[in-house]
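S.K.: Just so we're aligned, residue 2 is where the sequence shown starts under the numbering used here, counting upward by one. Beta carbons: idealized from backbone N, C-alpha and C, even for Gly.
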Amino acid sequence: MPDYKYSLGIDIGGTNTVFGLVASDGQIIKKDSILTKSSKVPELLFENIFNKIKIWEAELELPDIIKDIGVGVPNGNYFTGMVVSPPNLGMGWDELNLVSLIKSYKNIPVAITNDANAAALGEKYYGVAKSMNDVVVITLGTGLGSGILVNNNILYGHDGFAGELGHLVIEPKGRDCGCGRKGCLEMYVSAKGINYTIREYIKNYPENSFLQKLGNKNIDVKILDRAFDNDEKIVIDIYKYTGQMLGLGLAQIAKILSPEAFVFYGGLSNAKHRILDFAKDSMNANRSKYQKNKIKILLSELSEGEAGILGASCLHMLNQ
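1. Once DSSP output is grouped into helix, strand and coil, what is the label at G21?
2. Would you call the stretch 282-291 in contact with the stretch 240-253, where contact means no fewer than 3 C-beta pairs closer than 8 Å?
3. Which of the three DSSP states is assigned to V151 in this structure?
4. Only counting the same chain, and skipping five residues up and downstream in sequence, which positions put a Cβ closer than 8 Å to that of E233?
5. Helix, strand or coil for N98, going by three-state DSSP, please let me know.
6. Apart from the five residues on each side of it in sequence, which residues of its chain come closer than 8 Å, Cβ to Cβ, to I239?
7. For V42, count neighbouring C-beta atoms within 10 Å of its own C-beta (all shown protein chains included) and say buried if the count is 16 or more, exposed if not.
8. Of the residues V84, F263, L186 and M188, which one's Cα is nearest the Cα of G148?
9. Exposed or buried, A308, counting other C-beta atoms within 10 Å across all chains shown (16 or more means buried)?
10. Give every residue of the same chain whose Cβ lies closer than 7 Å to the Cβ of I220, excluding the five residues on either side of it in the sequence, and list them in chain order.
11. Find the nearest neighbour of R288 within the set D278, H317, I56 and Q253, judged by alpha-carbon distance.
12. Label T37 either buried or exposed according to how many other C-beta atoms from any shown protein chain fall within 10 Å of its C-beta, with 16 as the threshold for buried.
13. If contacts are defined as beta-carbon pairs under 8 Å, then G128 and E302 qualify, I think. What distance do you get, rounded to the angstrom?
14. Which residues does DSSP list as the beta-bridge partners of L9?
15. Could you give the residue range of the beta strand (DSSP E) that holds L1?
16. What did DSSP end up calling D230 once you bin it into helix, strand or coil?
17. Apart from the five residues just before and just after N115, which ones in its own chain have a Cβ nearer than 6 Å to its Cβ?
18. Tell me where the beta strand (DSSP E) around A192 begins and ends.
19. Output the distance between the C-alpha atoms of G306 and D12, rounded to the nearest integer angstrom.
20. Per DSSP, which one or two residues make a beta bridge with F263?
21. Once you ignore the five residues that flank V100 on each side, which residues in its own chain have a CB closer than 7 Å to its CB?
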């Protein structure tokens, strides 16, 4: 009999919320996205999502099409169903009981987790980490998120908030981070981290014509990628510095967790070898001799948004 009951996977980001109907074999049957902040409060966001579900049900001529719902959201807690102090989501999200809110629209099983944990599950069940038991998935976008799989299980810690590798301090007297500390990895390796580096370079190299063209506005990484490929030395230096800082962080993470691979996912990951080759060299330079060259650095092969949707849809598999 055909599988007419699907999981709804939702990936909530600071810019976009992507959601889709996922079959038991991982096929995404329907998919759409909404600007997260176009809905002023969470209630409106989910009202828009469930209105779209009704349209899909009509198109497929299948009522009550969803059997369960999984959500990846910044600072989402798998244990409590709460969202706590999420960055970049706007009004109404802090201390939000998201599971209860969703159940008020659809009273079926609902589970949430951190958005990077959802991406890690997506890679584990449907991506490049499918054959791996121990892996760290790092999401590179506006910030740096991470999901850690140890012996096939997400590492949550005692309170559900373990695995925030973006806030590993790599420069104790370094850049101010929004978390209240200085020198966090995400302040060097993320879109905002690279923009911070560019502003420092503009200050230190005022005569550089390429930097002057960039100015102090936030830069699209694709511009830097093209300049790197055209051998623009200052951009090569910026990416080298970014990769070196990433490698320093990876070396510390590897020493504690010894994963089989680091998998990179998200917009900044599209820089690919331009950053990751420097990161690999830096990681190996900062590791013990017996650990060198044992950990793979891989890029996700899932399209943008898919890892989060697929991983969120897997949350109920963990409870079976």
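M.R.: For this structure:
1. Here G21 sits in strand by DSSP.
2. Cβ pair count under 8 Å is three or more, so yes.
3. Looking at V151 - three-state DSSP - the assignment turns out to be strand.
4. Taken in chain order, the residues that qualify are F211.
5. Strand.
6. So the list reads I195, T198, I199, Y202 and L225, once near-sequence residues are dropped.
7. Looking at its Cβ environment, which holds fewer than 16 other Cβ atoms inside 10 Å, V42 is exposed.
8. Residue nearest to G148 within the set V84, F263, L186 and M188 is F263 (criterion: CA-CA distance).
9. Here A308 is buried, its C-beta having at least 16 other C-beta atoms within 10 Å.
10. Within the same chain, N196 and I199 come within 7 Å of I220 by CB-CB distance, once the 5 residues on both sides are set aside.
11. When only C-alpha atoms are compared, the closest one is Q253.
12. By the neighbour-count definition (other C-beta atoms within 10 Å, threshold 16), T37 is a buried residue.
13. That belief holds up - the Cβ atoms of G128 and E302 are roughly 6 Å apart, short of 8 Å.
14. For L9, which the question treats as bridged, DSSP gives the partners L22 and I70.
15. Outside the modelled stretch of the chain, which goes from 2 to 321, sits residue 1, for which no answer is possible.
16. Reduced to three states, the DSSP call for D230 is helix.
17. G77, listed in sequence order.
18. According to the DSSP assignment, A192 belongs to no beta strand (DSSP E) but to the alpha helix (DSSP H) extending over A192 to N205.
19. If you take the alpha carbons of G306 and D12, they lie about 7 Å apart.
20. Paired residues: V137 and I298.
21. Same-chain partners within the cutoff: G82, V111 and I113.
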